[in-house]
Amino acid sequence: MAKSVTTNTTCAYCGVGCGVLATRDENGDVSVAGDTEHPSNYGRLCSKGSALADTVGLENRLLYPEINGQRASWDEALNEVSQRFQQVIDQHGPDAVAIYASGQLLTEDYYVANKLMKGFIGSANIDTNSRLCMASAVVGYKRAFGADSVPTCYEDLEQADLIIIEGSNTAWCHPVIFQRINQAKQDRPELKIVVIDPRQTATCEIADLHLPLKSGSDVALFNGLLNYLQQHHFVDNDFIDGHTEGFSQAVASAESYGIDKVAELCGLNEQDVKRFFSLFSSTEKVVTLYSQGVNQSSSGSDNSNSIINCHLATGRIGNVGMGPFSITGQPNAMGGREVGGLSNQLAAHMEIHNPKHHDLVSRFWQTDNLATQAGAKAVDMFDDVASGKIKAIWIMATNPVVTMPNAEKVKAALANCEVVVVSDCDAKTDTTEFATVLLPAHTWGEKDGTVTNSERRISHQRRFLPIAGEARPDWWIISQVAKRMGFADAFAYENPVEIFREHAALSSFENDGSRDFDLGAMAAISAEQYDDLKPIQWPVSTSKPAGTARLFEDKQFFTTTKKAQFIAVEATPPVNSPDKDYPLILNTGRIRDQWHTMTRSARSARLNGHIPEPFVEIHPDDASRWSITDGALAQIDSQWGRMIARVQVTESQQQGNVFVPMHWNAQYASLSRVDALVNPVVDPLSGQPEFKHTPVKVSQYKPAWHGFILSREPLVLEPQQYWIRIKGEQFWRYELAGEQAIDDGIAWAKAQLGAEGDWLEFSDSALHRFRAAKVIDDRLQSVVFIAAEYDMPARSWLSQLFVEENITDEMRLSLLAGKPGAGLPDVGPLVCACFGVGENTIKDAVSCGDAKTADDIGQLLKAGTNCGSCLPEIKKLIANS
Amino acid sequence: MKEKLVLIGNGMAGMRTVDELLKLAPNKYDITVFGAEPHGNYNRIMLSPVLAGDKTIDEIIINDLKWYQDNDINLYIGRTITEIDRVNRQVIADDGLKVSYDKLILATGSLPFMLPIPGSDLEGVISFRDINDVNVMIETAKTHKKAIVIGGGLLGLEAANGLMIQGMDVTVVHRSDALMNQQLDAEAAALMQQQLEEKGLRFLMNHDTQALLGSDRVEKIRFADGSEVEADLVVMAIGVRPNKALAEKSGIQCERGILVNDILQTFTPNIYAVGECVQHREKTFGLVAPLFEQAKVCANHLAELGIAIYVTAATATKLKVTGINLYSAGDFMGDDTTEQLVFKDPARHIYKKLVLKDNKLIGVVLYGDTTDGNWLFELLTEKQDITDIRQDILFGQQFVEQLEDTVVNG
């Protein structure tokens, strides 16, 4: 029997890029811990990272290749892909095929995909889901610095005296960065935090100042700041004169943005605006940390540059504790940028339209077919699929039917596309449903290769699990198809290190410091060195073999003049304004314990415990205006689509705005895929969609009945009714609503759950309340609660009962009350996912006086002491009690 | 010189009256008791456990003969009073014994109703009313196998259950389609039937008995549809009626029972009546609770305290039938204007139904778990608005009160 083995790897989730120690014990059971040696997290993990071990099972794992739904051999599948692609290319040219890749591919996979498409098929029709998350940040950096260069690093957050967090709920979306900031603030209370976000998020818990600006008004705020800096002589003229260009134009375009105008455009009060400007002005060490709120906008690129302009104007770049810092959402968004995964890049941060780069890459790859024109960006790519311009698409490690704006159109486009190849680790996703060929790729734990995090740090993500079924690495799959298309010599890879070497060699090929991305020192890396690779920040050039923490320390940029560029920007409102038909602004984003389309995170019961159901947050005034009630269901409509979500009335949402999480999809919800509503509007430069701003209307959803089922076995439910599927600890939870009244509750329940076993029933027919429970051998099998009204007992106590070996008589008596009887505790909704501590337990500790601070809660209940992701919520509970 | 009090009927209602009286006025009367049965006073409700073998006769005796001696009560057992001489204020027994009274209590109880059909006088056809019936059943079970119980009410089911325990094959014959229709709704009745069937009883529902056949001893029972079933023993348990014959014959005003006023006086002022033999404000009685209440009121007036009034309170039926707990009260059938809360756990043989009208509880049926009967009955009689506890009321008093505590404390 194998011994317990611990492997250093990296987390599967966000762009923080935390080091993870994954241990597989002698029984094959996996546990994870934070890697204390990894410089991204120094041992910290967030709730999602801590729960990684819950997600490594084979449930829904794609194990074998399939052609048109039938199992096929690898040979058949690879032949099918290469032949179908070749046929389309032969008949319609190379631009009739496309690859849609993902920030979850490893750098090596990504490199090979890009090489095949741009270098050998000869089309730049390879784009990536990273288009949806940081394309605007890329444009911002490239316009300002001449390259996609993230100047800063995490340590700068700890060294800064002012951190501006803009358009990022860091506490939930990049929790370990948030923990590092939180720790820095505790160590140095003089560190000031300003949060700029239309919503009052968990991140605001540590803010000295929260600016709840109007959605899409970021440029106005930063133009105002630039103007203020100039007016009040806070600009660094030496830096501006010596190392930048375009300052006067930028200032000119900002000069009309006085504090009063900024306050009006942003919907802020003047004192707050002034306080922000004054904080920025008077603090030398400033980091502006930004994410999707800045990027996912029709002015995303300008948003970025408006931030960078202020850093350039004050010379706050290239030194410790300062700089504009875009953080990415995916584990290898940065790697994708490095290899040229975006359709308007070439490779290794080189440009398609640059003849020198084109020549260089052609020679390096020894190809005469290198793409000369930019390919379709994500939204255009699926539009081209819809119009038939693209006839074959290969989707890798991503789920566009869920994540693209106007997602119904994407779904229809794929349904009508002749050749849809999907490489994935999951058998069933909203996207694999449309696959003509399904290819089982390695998943986290099986994958072996490198990823780059938000601070340019390359880490080795290592294998620690046996390979499931016939799954193969993405680089292998792509190389095999390439060989079959006649490119065997260029794709003769045997292992990832060969690819990495080539990638590193390309980055340094005829570079000599002219390009930011340079891994020259790693171009001859040995297999052993690659295996042992310690996390390292690029550039890793021959002159800086130990890597580079921060860029631009020498004030030399990658523009032709070596000077950074100010970009004159104007505040432009979002493309679609709310109107009388669609009066509210829909904002979308992440929640703490789910990630992307939930394919991994929703396998973990404890992660699902935090926020089990899709919701819409709405301000109390808007709620009362449209007769929306907290806890009820609401229908949300845009011009593009419709969804249903549970209402949360909250003042953290500003009036006129609603927020809906982005995660839910057809695997976990029948009618709650928010991107079906999102306008297909993009930033003209970056092509990044405006996910944060779609006009919608919200109305009551009044079904004939509401209900929930908790069942030990999964159910098959009718797609047309509202259902949410939630994996719990030894049960599945379904939140339901139906438009057809249920006349015979018990007959309906037995039809859903099977008639066997002991059935307990409760009915109050006048109020259309029906409840039932099924018990077999004193173990709870299922409970059903149905009512005319949405208001039903909390699910928390009933959920706890599924882990019980025996339902005691006391429990049995209370089952259909849905609440515990005497002496039976109800922990309440989950707050701390790591230790499974519920809201009621925390409230009890607070109300009985045992706990007055979050630290007390930690000592008493352990809640918040592992990943700390729940600390903002614990503090809120204490404050509210 | 003490006044003389005579009690006719050594049963539960009469003797409870004497008990209460002794507490109030121990030395007021010279008391004489006549009992037709040859025993001390016993708990008739406990006949079922005796039949089921769970108890002996000795264990169900409330007052043994020594008790009467100790309390200076003249007890005549095995004697039936045949006449009341109201003019001379004396009672006359079947053996000619005459006893004078100043006050008289009639507690003659009820008589089992026997179907007036051919063969009802055959040997092996009995009722289930007293110790003698129980003895007959126990003896018959030793020698015979097939028992029929006519009547699926409380007594019939107890008899059937007891006979089954005594080793007989028992079939219960019932005229309607639901057992115990006085106390249960159809759902609870069906549950009861199912539970008893699981125990081994057989049921012939919707069966009308036409005749009992046999030359000497009963051999068969014949139904209206012409079908026949063999029988060695037939127990009729189709109801009781007030035993008013003596009163009627003696010129005391009777209707269905002996008429009494609110202090349990008959139309003859020094003659009182209590128990199953009386009719009070149109009602007759069969359950023990109102009888004990009558005893209290009657004793109060015999003691000449003169302050008690008997009111026929809404009563709840709380029963243990063949080991199954039942509780019903109020309008538990409901109608178009009422609403119902129902809880079922058939595997645990539990069924609960509450009938609501205008957010108030008006009827209760509890089957299998009667823990909350009294609490629910209180809510019912006090006409409390239950809107706030509607979701939880079926889960019991403790549950509801604990939630209220949580609200208060939390």
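Protein chains in written order, with the numbering used here: chain A, 2 to 882; chain B, 8 to 417. Yeah, the Cβ is synthetic: ideal placement off N, Cα and C, and Gly gets one too.
Using a Cβ-Cβ cut-off of 8 Å, E194 of chain B does not count as an interface residue toward chain A, since no Cβ of chain A sits closer than that to its own.
In this structure, W724 of chain A places its C-beta atom within 8 Å of the C-beta atom of S671 of chain A. Using a 10 angstroms sphere on the CB of L266 of chain B, the tally of other CB atoms reaches 16 or more, which defines it as buried. Counted as a single uninterrupted DSSP element, the alpha helix (DSSP H) harbouring N80 of chain A occupies residues 75-93. A straight line joining the alpha-carbon of A413 of chain A with that of Y111 of chain A spans about 27 Å. Counting the other Cβ atoms within 10 Å of the Cβ of C849 of chain A gives fewer than 16, which makes it exposed. For L158 of chain A, the nearest beta carbon of chain B is not closer than 8 Å to its own beta carbon.
Per DSSP, reduced to three states, the secondary structure at V57 of chain A is coil, with no helix or strand assignment.
In the DSSP assignment, L111 of chain B falls within the beta strand (DSSP E) that extends over 110-113. Considering only A:T171, A:K392, A:Q782, the residue with the shortest C-alpha distance to E805 of chain A is A:Q782. F786 of chain A has a beta carbon lying at 8 Å or more from every beta carbon in chain B. Residues of chain A whose Cβ lies closer than 8 Å to the Cβ of D399 of chain B are, in chain order, A818, K820. Neighbours of E762 of chain A across chain B, judged by C-beta separation under 9 Å: V349, F350, K351, D352, P353. In this structure the stretch 509-520 of chain A touches the stretch 532-547 of chain A; the number of beta carbon pairs closer than 8 Å is three or more.
According to the DSSP secondary-structure assignment, L439 of chain A is paired through a beta bridge with A:E67, A:V423. Between I393 of chain B and N307 of chain B, the alpha-carbon positions lie close to 37 Å from each other. For G337 of chain A, the CB contacts under 6 Å within the same chain, skipping 5 residues up- and downstream, are G104, Y111, T129, S131 in chain order. Uninterrupted alpha helix (DSSP H) stretches at least 4 residues long and entirely within the stretch 493-531 of chain A occur at 497-509, given in chain order. With 16 or more other CB atoms across the displayed protein chains lying within 10 angstroms of its CB, E614 of chain A is buried. In chain order, I15, F41, V98, I99, A100, D101, L253 place their CB closer than 8 Å to the CB of I88 of chain B, counting only its own chain and leaving out the 5 sequence neighbours on each side. By the neighbour-count criterion, in which a residue is buried when 16 or more other Cβ atoms sit within 10 angstroms of its Cβ, S218 of chain A is buried. In the structure shown, the three-state DSSP call for A34 of chain A is strand.
Secondary-structure assignment with DSSP links G20 of chain A through a beta bridge to A:T11. Taking 8 Å as the upper bound on Cβ-Cβ separation, chain B lies near residues F763, S764, D765, S766, A767, L768, R770, V776 of the stretch 763-781 of chain A.
Excluding residues up to 5 positions away in sequence, V403, A408, M644, W665, N666, A667 lie with their Cβ nearer than 7 Å to the Cβ of R674 of chain A in the same chain. The straight-line gap separating the alpha-carbon atoms of G259 of chain A and R276 of chain A is approximately 14 Å. The beta carbon of I875 of chain A sits closer than 7 Å to the beta carbons of V832, I843, A855, I858, A864, G865 from its chain, once the five residues preceding and following it are set aside; these are given in chain order. When Cβ-Cβ separations below 8 Å define contact, F41 of chain B makes no contact with chain A. Secondary structure of I396 of chain B (DSSP, three-state): helix. Membership of C174 of chain A in any beta strand (DSSP E) is not indicated; the residue belongs instead to the alpha helix (DSSP H) covering 171-174. Bridge pairing for W477 of chain A: absent [DSSP]. Residue nearest to I38 of chain B within the set B:R263, B:Q76, B:G403 is B:Q76 (criterion: CA-CA distance).
Using a C-beta cut-off of 8 Å, the stretch 386-395 of chain A makes no contact with the stretch 131-147 of chain A, since fewer than three inter-stretch Cβ pairs fall below that distance. Across the set B:A238, B:L12, B:V328, B:L58, the C-alpha of B:V328 shows the shortest separation from the C-alpha of Q200 of chain B.
Within chain B, no residue has its beta carbon less than 7 Å from that of D30 of chain A; the closest one is some 37 Å off. Annotated three-state conformation of K844 of chain A is helix, per DSSP.
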